[in-house]
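Those sequence lines, one after another, are chains X and P.
Every letter in the first sequence is one number past the one before it in my numbering, and letter 26, counting from 1, is 26.
Whatever position you read off the second sequence (first residue = 1), add 136 for my numbering.
Every residue gets a Cβ at the ideal spot worked out from N, C-alpha and C, and that includes glycine.
For reference, the structure is listed below as C-alpha cells.
Number of protein chains: 2
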Amino acid sequence: MDALFQLSFLLQGWLGRIAAEHDLSPVQVRLLGILRDRQPGMLELARYLELEKSSLSGLVDRAEARGLVERVPSSDDRRATTVRVTALGRQLTRTMTGKVERKMTALLAVLPEKERARLTALVTRVLENAMQLPVE
Amino acid sequence: MDALFQLSFLLQGWLGRIAAEHDLSPVQVRLLGILRDRQPGMLELARYLELEKSSLSGLVDRAEARGLVERVPSSDDRRATTVRVTALGRQLTRTMTGKVERKMTALLAVLPEKERARLTALVTRVLENAMQLPVE
DNA sequence: TATTGTTATACTCTATAACTATA
DNA sequence: TATAGTTATAGAGTATAACAATA
C-alpha cells in the first residue's frame with residue numbers, strides 16, 4: 001500500500017534532517033541507538049548494522065573522535081574490543097529522541113485518541129506478521 | 137509512536153536491499169522514480185532530491201554511464217539540460233516496483249480486507265495532516 | 001549581473017583484500 | 001588454523017567554492 005511507503009519516507013526524512021542538525025549521519029544515529037542498552041563487540045555491532053567489520057572500524061573511529069563512543073578492550077579476549085556510548089553520546093541521543101517524539105506527537109494529533117490506538121494496534125499486527133515472513 | 141517508526145525502518149530496509157540487488161543506491165532509485173513521469177532540468181531535479189546541484193552532476197553522470205538516464209539539452213535555454221529516463225531505466229524501475237509490491241502484499245495479508253482499508257484510511261489522514269505541519 | 005551547470009576538492013560511508021595479534 | 005580487528009585501496013554520495021557559458 002502506497003500510503004505506508006509515503007509515511008515511511010516522511011519519517012525517515014525527519015530522522016535524517018534532525019540527525020543532520022547535529023552533524024550526524026543516519027548510520028551514526030543507528031549506532032548510538034544500538035549502544036543505548038548494550039556494549040557489544042565490533043563484530044556483533046557490524047552484524048546489527050549489517051556492515052562489514054572494516055566499515056565499522058571507520059565508523060567507530062569517527063564517532064570516537066567526536067567523543068560520542070569509546071572503545072573498551074575486552075577483559076577475557078585480548079583480540080576483542082567492545083564499544084560503549086559516552087555521556088556526550090547519550091545526551092545527544094536524548095536530544096534527538098526528544099525532537100523526533102515531538103514531531104511524531106504533532107503528526108498524530110490529528111487523530112482522536114481512540115483512532116490513534118486503533119492505528120497502533122493495526123501497525124503492531126502488521127509488524128508481528130513481518131517477523132514471520134520469509135527473509136528471502 | 138514507536139510502531140510506525142519500526143515499520144518505516146522495515147520498509148526502507150526492503151527498498152534498500154531490493155535496490156542493492158540491482159546495484160542501485162537508494163538515491164538512484166529515487167532519481168528513477170522522479171523521472172517516471174517528468175523530464176526535469178538539473179536544478180529542478182536537485183530540488184526534488186534535496187541535493188546541491190554539484191552533487192546531482194555526479195549522480196546523473198553515474199546513472200548515465202549505466203544507461204539508465206540521459207541528458208537532453210533544453211531547446212529554449214542553451215545553458216539548461218533536462219534529464220530523461222531511458223527504456224532500460226524504466227524497465228529496471230518496473231522490476232523493482234514489482235518486487236516491492238509483492239512484499240507489501242504479503243506483509244498486509246495478515247489483515248482482513250476491512251481492517252486493511254481502515255489502516256489505509258488512518259495513514260492517509262495522518263499524511264494529510266503532515267502537509268499542514270510547519271516545515272521548520 | 002544573474003542563472004545553469006560542471007569541475008576541483010574534501011569528507012563520510014561502504015566493500016574487498018591483505019594484514020596483525022591473539023586464540 | 002581460525003577469529004577479532006585494523007589498514008589499504010577504491011568507488012559512491014555529499015557539500016562548498018570556483019569556474020564557464022548563456023541569459
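Original post:
Short check: CB of V262 of chain P to CB of V126 of chain X, under 8 Å?
Top reply: To locate residue 262 of chain P, count along the second sequence from 1; it is residue 126. To locate residue 126 of chain X, count along the first sequence from 1; it is residue 126. Their beta carbons are not under 8 Å apart, which means V262 of chain P does not touch V126 of chain X by this criterion.
Original post:
the stretch 109 to 125 of chain X: which residues have C-beta closer than 8 Å to a C-beta of chain P, in chain order?
Top reply: A109, V110, L111, E115, R116, R118, L119, T120, L122, V123, T124, R125
**OP:** Give every residue of the same chain whose Cβ lies closer than 7 Å to the Cβ of A63 of chain X, excluding the five residues on either side of it in the sequence, and list them in chain order.
**Re:** In the first sequence, the residue the question calls residue 63 of chain X occupies position 63. Answer for A63 of chain X: Q28, L31, V69, listed in chain order.
Subject >> For L151 of chain P and V221 of chain P, believed in contact at Cβ under 8 Å, the rounded distance >> reply: On the second sequence, position 85 is the one that residue 221 of chain P refers to. On the second sequence, position 15 is the one that residue 151 of chain P refers to. Going by Cβ atoms, the distance from V221 of chain P to L151 of chain P rounds to 18 Å, so no, they are not a contact pair.
Original post:
Which word fits A117 of chain X, buried or exposed, when buried means at least 16 other C-beta atoms lie within 10 angstroms of its C-beta?
Top reply: Working through the first sequence from its first residue, we reach residue 117 of chain X at position 117. Classification of A117 of chain X: exposed, given that the 10 Å Cβ count is below 16.
Subject >> Chain-ordered neighbours of L107 of chain X on chain P, where CB pairs are closer than 8 Å >> reply: Position 107 of the first sequence, counted from the first residue, corresponds to residue 107 of chain X. What L107 of chain X touches in chain P: V262, N265, A266, L269.
**OP:** State yes or no: is the beta carbon of Q148 of chain P nearer than 8 Å to at least one beta carbon in chain X?
**Re:** Here the question's residue 148 of chain P lines up with position 12 in the second sequence. Yes, its Cβ sits closer than 8 Å to a Cβ of chain X.
Original post:
What are the partner residues of E70 of chain X, as DSSP defines its beta bridges?
Top reply: For the purposes of this step, residue 70 of chain X is taken as the residue at position 70 of the first sequence. Paired residue(s): X:R84.
Subject >> Chain-order list of residues whose beta-carbon lies under 7 Å from that of L43 of chain X (same chain, five-residue window excluded) >> reply: As a working mapping, residue 43 of chain X is identified with position 43 in the first sequence. Contacts found: K53.
Subject >> Distance between beta carbons of L122 of chain X and L195 of chain P, contact taken as under 8 Å >> reply: Counting from one through the second sequence, the residue named residue 195 of chain P turns up at place 59. Counting from one through the first sequence, the residue named residue 122 of chain X turns up at place 122. So it is not a contact: roughly 37 Å between Cβ atoms.
Subject >> Test: A139 of chain P CB closer than 8 Å to a CB of chain X >> reply: Here residue 139 of chain P is taken as the residue at index 3 of the second sequence, counted from 1. Chain X contact via Cβ: present.
Original post:
By the criterion of Cβ-Cβ separation under 9 Å, what are the contact partners of S191 of chain P in chain X?
Top reply: Position 55 of the second sequence holds residue 191 of chain P. Result: empty, since nearest Cβ-Cβ is about 14 Å, beyond 9 Å.
Original post:
Which bits of chain X does Q142 of chain P rub up against, with CB to CB less than 7 Å?
Top reply: What you label residue 142 of chain P is simply residue 6 of the second sequence in a count that begins at 1. Residues of chain X passing the Cβ test: L127.
Original post:
Excluding the five sequence neighbours on either side, which residues of its own chain have a C-beta within less than 6 Å of the C-beta of Q268 of chain P, listed in chain order?
Top reply: Position 132 of the second sequence, counted from the first residue, corresponds to residue 268 of chain P. Taken in chain order, the list of residues that qualify is empty.
Subject >> For D77 of chain X and Q6 of chain X, the rounded distance between their alpha carbons >> reply: The sequence position of residue 6 of chain X within the first sequence is 6, counting from 1. The sequence position of residue 77 of chain X within the first sequence is 77, counting from 1. Distance between the alpha carbons of Q6 of chain X and D77 of chain X: 46 Å.
Original post:
When the Cα atoms are used, what is the spatial distance from N129 of chain X to V219 of chain P?
Top reply: Counting from 1 along the first sequence, the entry for residue 129 of chain X is found at position 129. Counting from 1 along the second sequence, the entry for residue 219 of chain P is found at position 83. If I take the Cα positions, the gap works out to 40 Å.
Original post:
Between T229 of chain P and G203 of chain P, what straight-line distance do the alpha-carbon atoms span, to the nearest angstrom?
Top reply: Within the second sequence, the letter at position 93 stands for residue 229 of chain P. Within the second sequence, the letter at position 67 stands for residue 203 of chain P. Approximately 13 Å, taken between the alpha carbons.
Subject >> Run of the alpha helix (DSSP H) containing Q39 of chain X, from where it starts to where it stops >> reply: As a working mapping, residue 39 of chain X is identified with position 39 in the first sequence. Counting along the chain, Q39 of chain X falls outside any alpha helix (DSSP H), and DSSP gives it neither H nor E.
Subject >> Beta carbon of L49 of chain X nearer than 8 Å to that of L147 of chain P >> reply: Here residue 49 of chain X refers to the residue found at position 49 of the first sequence. Here residue 147 of chain P refers to the residue found at position 11 of the second sequence. No, they are not a contact pair.
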